[in-house]
Amino acid sequence: MQLPVQSQSTLYAEAWEAAAGPDDLLEIARAADRAGFGYLAGCDHVGIPRRLAAAMSTVWYDPVATLAFLAAATERVRLLSHVAIVALRHPLLTAKQYATLDHLSGGRLVLGVGAGHVQEEFEALGVDFRGRGAVLDECLDALRAALGPEEFPEHHGKLYDFEGLGQRPRPAQDRVPVWVGGSSPAAVRRAALKGDGWLPQGDPRDRLPGQIARIRELREKAGARGPFTVGAIAEPLYVGTPRWEVGRRTLTGGPQELAESLRAYRAMGVHQIQVRFRSRSRSELTDQIAAFGAEVAPEL
């Protein structure tokens with residue numbers, strides 16, 4: 336699940352999150368860890384321009400700091416950046432931050448990356464917004480080297496060139512999974528050819544099969560090998576019968592009913608689903624997390 340509180344876009348934030356903080360994040364993370372969730376995710380924005388602040392809000396916790404904070408309070412749940420805008424930073428800096436996070440968490444990192452969409456962020460940091468796709472492509476190659484097993488990673492490209500600089504600690508994992516976010520043709524191609532997984536952005540159920548087929552086609556043509564994780568973002572959920580207005584798109588009902596609906600994702604070729612629960616308070620959210628883990632997840 337994507338963590339609440341740490342990003343508060345009006346597209347998905349609940350009213351109670353505006354007054355929430357670190358203690359709430361801790362309790363939610365612990366609840367998800369106990370309930371058997373696969374990962375907790377945090378978003379990445381350096382700054383939000385005034386023209387977008389009313390819709391996106393300016394509440395965007397740093398993902399490395401947030402996930403490290405929660406790593407110390409959890410035991411098994413994985414830690415996903417969904418997504419890190421890695422083109423905003425030099426890959427050696429990104430590698431240092433995320434390698435340390437993986438080391439401190441005992442190998443629980445999943446590095447989710449995306450191209451970004453806020454032009455002012457790129458301009459303020461001196462990064463070419465129009466060329467961000469090409470920047471991201473090379474960042475991925477550089478990060479493969481910098482997050483690999485070598486103490487002195489090496490990369491020679493058009494934008495980044497480094498060797499002879501040692502970085503320890505190394506990641507605890509032999510290979511940090513890199514999942515690529517986005518649903519544009521360029522993002523899907525990037526995920527298929529450079530990633531270990533795909534994080535779609537807003538694809539409805541009827542669009543997913545075609546996207547997944549395209550990824551398989553691209554990987555087959557390129558001779559790509561190794562595991563590949565296809566993700567999906569489910570509709571908002573509420574376990575049980577709500578006694579308040581949860582929105583017409585929200586899936587509601589008992590465990591069997593919800594599980595039957597969610598199993599449709601697996602039939603499409605999806606390996607992991609990201610869920611978001613409607614809630615009016617932290618306690619209602621942690622209750623929903625517990626109910627999903629105990630009653631719905633076993634049916635999946």
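Reading the sequence shown from the start, the letters are residues 336 to 635 in the numbering used here.
We put the beta carbon where it would ideally sit given N, CA and C, even for glycine.
Next on the checklist: Using CA atoms only, rank isn't needed, just tell me which of V565, Y374, Q623 and Q341 is closest to L534.
Outcome noted: Measuring from the Cα of L534, the nearest candidate turns out to be V565.
Checklist entry - Going by Cα to Cα distance, which pick from E456, T429, F464 and E455 is closest to G447? => result T429
Checklist entry - Is the beta carbon of E489 sitting closer than 9 Å to the one on R505? => result Against a cut-off of 9 Å, the Cβ pair of R505 and E489 comes out as no contact.
Checklist entry - Mind pulling the alpha helix (DSSP H) runs of 4 or more residues that sit fully within the stretch 341–389? => result Correct list: 357–370.
Item to check | H491 burial status per 10 Å Cβ neighbour count (16 or more: buried) | outcome: exposed
Next on the checklist: I need the straight-line Cα distance from R542 to G516, nearest angstrom please.
Outcome noted: 16 Å
Item to check | Rounded distance between the beta-carbons of Q341 and L360, thought under 8 Å | outcome: 7 Å
Checklist entry - Apart from the five residues just before and just after R365, which ones in its own chain have a Cβ nearer than 7 Å to its Cβ? => result A408 and T409
Checklist entry - Thinking C-alpha only, which one of L593, G604 and A559 is nearest P544? => result G604
Checklist entry - Looking only at C-alpha atoms, which of D463, P571 and R540 sits nearest to F612? => result Taking the Cα of F612 as reference, the smallest distance to any Cα among D463, P571 and R540 is reached at P571.
Next on the checklist: Just to confirm, is the Cβ distance from R443 to R413 under 9 Å?
Outcome noted: With contacts defined as CB atoms closer than 9 Å, R443 and R413 qualify as a contacting pair.
Next on the checklist: Assuming L500 and L597 are in contact, meaning their beta carbons sit under 8 Å apart, how far apart are those beta carbons, in whole angstroms?
Outcome noted: Incorrect: roughly 45 Å between the Cβ atoms, too far for contact.
Next on the checklist: So for T621, helix, strand or coil by DSSP?
Outcome noted: In the three-state reduction of the DSSP assignment, T621 falls in the helix class.
Checklist entry - Is the stretch 549–564 touching the stretch 584–594 in the sense that three or more CB pairs, one from each, lie closer than 8 Å? => result no
Next on the checklist: The alpha helix (DSSP H) that contains Q454, what's its start and end?
Outcome noted: Q454 to A459
Checklist entry - Going by alpha carbons, who is nearest to V513 out of A481, Y495, G537 and Y573? => result Answer by Cα proximity: A481.
Checklist entry - Looking only at its own chain, which residues have a Cβ that is under 6 Å from the Cβ of A376, when we skip the five neighbours before and after it? => result Q337, L415 and H417
Item to check | Environment of G537 [buried if 16+ CB atoms lie within 10 Å] | outcome: exposed
Item to check | Heavy atom of the ligand FAD within 8 Å of L543 beta-carbon | outcome: Absence of the ligand FAD is noted for the structure shown, with no ligands found whatsoever.
Checklist entry - How would you label S618, buried or exposed, when you count the other beta carbons within 10 angstroms and need 16 or more for buried? => result exposed
Checklist entry - Straight-line CA distance for A406 to D472? => result 29 Å
Checklist entry - Which residue spans inside the stretch 403–478 form an unbroken alpha helix (DSSP H) run of at least 4? => result Taking only runs of at least 4 residues, the alpha helix (DSSP H) segments lying wholly in the stretch 403–478 are 426–439 and 454–459.
Item to check | Rounded separation between R465 and P562 - CA only | outcome: 32 Å
Item to check | Residue range of the unbroken beta strand (DSSP E) whose run includes A567 | outcome: Here the beta strand (DSSP E) through A567 covers T564 to I568.
Checklist entry - Looking only at its own chain, which residues have a Cβ that is under 7 Å from the Cβ of T393, when we skip the five neighbours before and after it? => result I383
Next on the checklist: To test your reading of the DSSP string, which unbroken beta strand (DSSP E) runs of 3 or more residues are found completely within the stretch 492–537?
Outcome noted: 513–516 and 532–534
Checklist entry - For T393, which three-state DSSP category applies? => result DSSP places T393 in the coil class of the three-state scheme, outside both helix and strand.
Item to check | Given E455 as reference, the closest of S440, A388, C474 and V445 once Cα atoms are compared | outcome: A388
Item to check | DSSP state of F487 mapped onto helix, strand, coil | outcome: Three-state result, F487: coil.
Next on the checklist: Spatial neighbours of T585 within its chain, please: C-beta separation below 6 Å, excluding the five flanking residues on both sides.
Outcome noted: P571, Y573 and R613
Checklist entry - What three-state label does DSSP hand T587 in the structure shown? => result T587: strand per DSSP, three-state reduction.
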